[in-house]
Structures are given as structure tokens and as C-alpha cells.
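Just so we're aligned, residue 0 is where the sequence shown starts under numbering that gives the first Met the number 0, counting upward by one.
Report on the following structure.
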Amino acid sequence: MYGENSPTGNVEMMLYSRIRRKTRKTQHLHKLAAQTDRKSQIRTEIARTKSAERLIADQLATRTRLQRDSSNSEVAQRRFSPLSNSRVFIPFLTGYDVT
């Protein structure tokens, strides 16, 4: 309706250019936000994975320690089992056996 050289045509072109710039800027910001969200998700996944790995390592260490303590306990039981079946004489000044 208006020519490009008319004042109204210039205003329309200027508004159109601003809208296009804002649209491109908005699209770019949305793209950056999506990338940031994805990076945040990746960081969260990495943190969860590391946490799970630490938990597994801790559980394995605990299991190993319990097994070691258990085997040490079995060794001690075998070592002291002959003593538990024997009687012990405890002499007192009274001269009587109090066992």
C-alpha cells in the first residue's frame, strides 16, 4: 500500500526489523537456556553417578571389613575354644575349690 520510500513504509520496515531482531534474540536466548538446562541435567546425572559410586564403594568396604572381622572372630574362637572346655582351678586362702 505504501511504498518503501514513504515515511509509513520506513516505519513499518523499522518495526519489522525490530521484531525480527527481538525474535532472533528470543530464539537465541531460548536455545542458550535449553543448553544450560541440559548442562545442568548432565551435572546432576554426574553427581548422582558419583554419589552412587561412593555408596557402592562404601558398602563394599563395609562388607569386606565385616567379613575380615568375622574371620578374625572365627580364628579367635578356634584359638580359645580348648580353653573354654577346660576347668580352671583357682586356689584361695581358704584352701577350698570354689569352681
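Just so it is clear, CB atoms sit at the ideal spot from N, CA and C, and this is done for glycine as well.
- Inter-residue distance for SER70 and GLN40 is about 45 Å (C-alpha atoms, whole angstroms).
- A straight-line Cα-Cα distance of about 26 Å links GLY8 and GLN26.
- C-alpha of ARG23 to C-alpha of LYS38: approximately 22 Å in a straight line.
- Sequence-distant Cβ neighbours of ALA46 in its own chain, meaning closer than 7 Å and more than five residues away, do not exist here.
- A direct Cα-to-Cα measurement between THR48 and SER72 gives close to 36 Å.
- Taking C-alpha positions only, GLU44 is separated from THR63 by approximately 28 Å.
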